Amino acid sequence: MASLKDLQRQIQSVRNTAKTTNALQTVSGVKFRKAEARVRNSRPYAENMQQMMQDIARKAQDSKNLLLIGREQVNTVAVATMTADRGLCGGFNAQVLRRTMRFRREQEGELKQVALGRKSIAFFRFRRIRLEETLSGFSDSPSYEKAVEVGRLLTGLFEEEEADAVYLVYNRFESAMVQTPVVTRLLPAAPDEDQEDQQHGDDPLAAFEFIPGVDEILTDLIPKYVETVVWQAMLESAAGEHGARMTAMKSATDNANEMADNLTRQMNKARQAQITQEILEIAAGAEALGS
Amino acid sequence: MANGGRQLFCRVITPQRMVFDGQADRVVVRISDGELGVLADHAPVVSTVVPWDVRILQGDETTVFATSYGFFRVADNLVQILVEEAQAAEEIDIDQAEHQVEQAERELSEISEAAEDEEDVDRIREDIERRRRIGENFARVAREYREDS
């Protein structure tokens with residue numbers, strides 16, 4: 014059995030850990046509420062942008078815009094993986110990286126990897142996977158400017174024929190407890206056909222007038238659309254990160270407290286055992302003297 | 020959504036938040052080929068928005084927003100204006116808008132000196148030019164519509 018002193022030291026150390034994780038939990042809680050509000054407020058823009066993209070994509074089926082319809086042959090696929098900059102958030106980073114690796118295995122063509130967020134960069138570097146581009150420093154509190162930068166970078170890969178398709182892997186925020194890793198295709202931007210056919214049986218769009226014209230609008234719209242998807246992903250990921258960290262830190266605090274309680278119980282037992290031992294020794298000693 | 024009803028609704032949305040969501044009698048917006056006034060039961064249109072003001076008229080009240088570039092869509096009596104920036108006329112900080120213009124002008128003069136990669140320079144120049152125009156527009160709208168001026 015561990016000595017009293019050892020147990021005391023252990024308890025102190027566990028208590029200190031609990032204090033740290035508790036502080037992290039509080040900080041993440043505040044950040045989480047802010048990030049969650051940002052996600053909620055930004056959703057209408059993203060949803061409308063998506064809808065506009067769908068409307069116009071259906072109208073523009075004979076468009077020659079490569080960003081919309083894509084190239085005939087998909088030889089190279091670019092995958093951008095978005096993680097947090099920091100750890101201590103449970104399986105948040107691991108699950109999106111695992112999803113990325115699975116997606117990479119499913120692809121037949123050549124792969125190009127883009128890492129967004131420090132954890133993602135470290136992961137691919139460790140595995141010696143060549144990184145086309147890296148960007149980090151925004152996971153905590155993303156700015157729209159950063160989304161524009163990332164969006165342009167990814168659109169650039171397609172335009173300069175570095176890649177024939179561009180995918181983004183990120184954690185979609187469901188709640189503080191649940192974040193789902195998702196893969197979305199950024200480019201070509203045309204929505205998946207089977208999906209849209211089901212949604213719109215009738216075609217009210219025939220009546221839509223596009224001013225000045227479908228192609229002109231597409232030229233402006235597609236880069237904005239990509240930026241918007243990236244922006245939304247950044248916000249979802251940020252809210253997910255803070256939520257995941259809050260949850261992870263809460264269970265860490267709970268575990269530490271439980272451990273401290275158990276150790277305290279052990280220590281009390283040890284102390285009592287020691288006292289009993291001493292009394293026995295004294296009693297035995299007194300008896301020896303008295304006889 | 021007011022399907023078939025004669026009431027027009029309008030939404031002005033930025034990446035950060037929905038800045039306007041409500042009923043309107045008339046919405047005036049500048050799209051790529053000029054100003055467009057939208058009344059209830061307008062034919063469906065999709066277009067681009069250029070920096071100017073969006074005026075939303077409802078009863079005796081007019082709400083004015085200065086906007087950046089963006090997109091416009093009307094269908095089923097719902098007007099959607101998606102822009103990167105939009106600010107109500109009375110909330111615009113004129114000094115800040117003017118500062119943005121000055122800074123953009125300074126950057127424009129600097130960039131022509133340090134020209135290296137032409138394609139990049141064109142792109143950067145266009146970016147700055149857009150920022151200048153947005154700043155100018157914000158300052159103009161603020162001056163034009165502010166009640167105390």
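Which chain is which? The protein sequence lines are A and B, in order.
The first sequence maps to residues 14 to 304 in the working numbering.
The second sequence maps to residues 20 to 168 in the working numbering.
Each residue gets a CB set at the ideal place from its N, CA and C atoms; glycine is no exception.
Small disclaimer: the values here were computed from a predicted structure and weren't measured.
Extent of the continuous beta strand (DSSP E) to which residue i belongs
{"i": "S66 (chain B)", "result": "V64 to V68"}
{"i": "R49 (chain B)", "result": "R45 to I50"}
{"i": "N184 (chain A)", "result": "A178 to F186"}
{"i": "A94 (chain B)", "result": "G89 to A94"}
{"i": "G53 (chain B)", "result": "G53 to V57"}
{"i": "Q99 (chain B)", "result": "L97 to V102"}
{"i": "I111 (chain B)", "result": "Segment: none, I111 (chain B) is in no beta strand (DSSP E) and carries neither H nor E."}
Residue i: first and last residue of the uninterrupted alpha helix (DSSP H) it sits in
{"i": "V191 (chain A)", "result": "First-last for V191 (chain A): undefined, no H or E at that position."}
{"i": "Q23 (chain A)", "result": "L17 to K72"}
Cβ-based neighbour list, residue i, same chain, cut-off 6 angstroms, excluding 5 preceding and 5 following
{"i": "A160 (chain A)", "result": "E240, V243, W244 and M247"}
{"i": "F39 (chain B)", "result": "V31"}
{"i": "C29 (chain B)", "result": "A43, V46, I75 and V98"}
{"i": "V57 (chain B)", "result": "V46, V93 and V98"}
{"i": "L27 (chain B)", "result": "A43, A59 and N96"}
{"i": "M35 (chain A)", "result": "Residue identity differs from the one stated: residue 35 (chain A) is Asn in this sequence, not Met. Same-chain partners within the cutoff: T266."}
{"i": "N78 (chain A)", "result": "L231"}
{"i": "A105 (chain B)", "result": "V31, T33, V38, F84 and T86"}
{"i": "N29 (chain A)", "result": "none"}
Residues of its chain near residue i, where Cβ-Cβ distance is below 8 angstroms and the 5 sequence neighbours each way are ignored
{"i": "L144 (chain A)", "result": "Q126, V127, A128, I134, F137 and R138"}
{"i": "E300 (chain A)", "result": "none"}
{"i": "A73 (chain A)", "result": "L81, V227, D228 and L231"}
{"i": "I69 (chain A)", "result": "F223, V227, I230, L231 and L234"}
{"i": "L20 (chain A)", "result": "L276, Q279, M280 and A283"}
{"i": "T81 (chain B)", "result": "R74 and I75"}
{"i": "G214 (chain A)", "result": "Low per-residue confidence applies at G214 (chain A): pLDDT is 46, beneath 50, and the placement is therefore not dependable, though the value from the model is reported in the following sentence. Cβ within range, chain order: n/a, list empty."}
Nearest to residue i (by Cα), restricted to the options the options
{"i": "F221 (chain A)", "options": "B:T33, B:A85 and B:V65", "result": "B:V65"}
{"i": "M66 (chain A)", "options": "A:V163, A:A203 and A:A251", "result": "A:A203"}
{"i": "Q38 (chain A)", "options": "A:L170, A:N61, A:L166 and A:A189", "result": "A:A189"}
{"i": "G104 (chain A)", "options": "A:A70, A:M262, A:E271 and A:S26", "result": "A:M262"}
{"i": "P194 (chain A)", "options": "A:I24, A:N35, A:G256 and A:R112", "result": "A:R112"}
{"i": "M37 (chain B)", "options": "A:A50, A:S55 and A:L20", "result": "A:S55"}
{"i": "E187 (chain A)", "options": "A:T30, A:Q21 and A:E49", "result": "A:E49"}
{"i": "G89 (chain B)", "options": "B:A161, B:D114, B:E109 and B:V48", "result": "B:V48"}
{"i": "L101 (chain B)", "options": "A:E119, A:G83, A:A91 and A:E60", "result": "A:E60"}
{"i": "F151 (chain A)", "options": "A:E162, A:G130, A:G298 and A:A91", "result": "A:G130"}
{"i": "A93 (chain A)", "options": "A:N29, A:V179, A:G83 and A:E119", "result": "A:V179"}
{"i": "T67 (chain B)", "options": "B:Q77, B:T81, B:I50 and B:V73", "result": "B:I50"}
{"i": "M259 (chain A)", "options": "A:Q23, A:V40 and A:R28", "result": "A:V40"}
{"i": "Q120 (chain A)", "options": "A:A269, A:C102 and A:A91", "result": "A:A91"}
{"i": "E163 (chain B)", "options": "B:E129, B:D139 and B:E110", "result": "B:E110"}
{"i": "A107 (chain B)", "options": "B:A158, B:E145, B:G53 and B:E54", "result": "B:A158"}
{"i": "E249 (chain A)", "options": "A:P155, A:L79, A:Q290 and A:N268", "result": "A:P155"}
{"i": "R25 (chain B)", "options": "B:A62, B:I147 and B:T33", "result": "B:A62"}
{"i": "L238 (chain A)", "options": "B:E54, B:E103 and B:I147", "result": "In the sequence as displayed, the identity of residue 238 (chain A) is Tyr instead of Leu. When each option's Cα is compared against that of Y238 (chain A), the closest is B:E103."}
Beta-carbon contacts of residue i that lie in its chain and below 7 angstroms, excluding the five residues immediately before and after
{"i": "N106 (chain A)", "result": "T96, A97, G100 and K132"}
{"i": "N88 (chain A)", "result": "G122, E123 and D177"}
{"i": "N156 (chain B)", "result": "P70, W71 and A85"}
{"i": "D210 (chain A)", "result": "Unreliable positioning characterises D210 (chain A) in this predicted model, as indicated by a pLDDT of 49, which lies under 50. The coordinate reading is nonetheless provided below. Nothing listed; no residue qualifies."}
{"i": "S76 (chain A)", "result": "I82, V227, D228 and L231"}
{"i": "R144 (chain B)", "result": "L127 and I130"}
{"i": "E254 (chain A)", "result": "A97, C102, F105 and S152"}
Identified DSSP bridge partners for residue i
{"i": "K125 (chain A)", "result": "A:A91"}
{"i": "I288 (chain A)", "result": "In the DSSP output, where bridge partners are listed per residue, I288 (chain A) has none listed."}
{"i": "D72 (chain B)", "result": "B:A85"}
{"i": "M259 (chain A)", "result": "DSSP lists no partner for M259 (chain A)."}
{"i": "A27 (chain B)", "result": "Note on identity: in this sequence residue 27 (chain B) is Leu, with Ala being the wrong assignment. DSSP lists B:A43 as partners of L27 (chain B)."}
{"i": "R84 (chain A)", "result": "Its beta-bridge partners do not exist; DSSP assigns none."}
{"i": "I224 (chain A)", "result": "B:S66"}
{"i": "T197 (chain A)", "result": "A:L181"}
{"i": "I32 (chain B)", "result": "B:M37 and B:L101"}
{"i": "E80 (chain B)", "result": "B:Q77"}
Chain D contact residues for residue i, given Cβ-Cβ distances below 7 angstroms
{"i": "L234 (chain A)", "result": "The question asks about chain D, but that chain is absent: this structure's protein chains are A and B."}
Sequence ranges, beta strand (DSSP E) only - wholly within the stretch 108-170 of chain A, length at least 3: If you keep only unbroken beta strand (DSSP E) runs of at least 3 residues inside the stretch 108-170 of chain A, you get 123-129 and 144-148.
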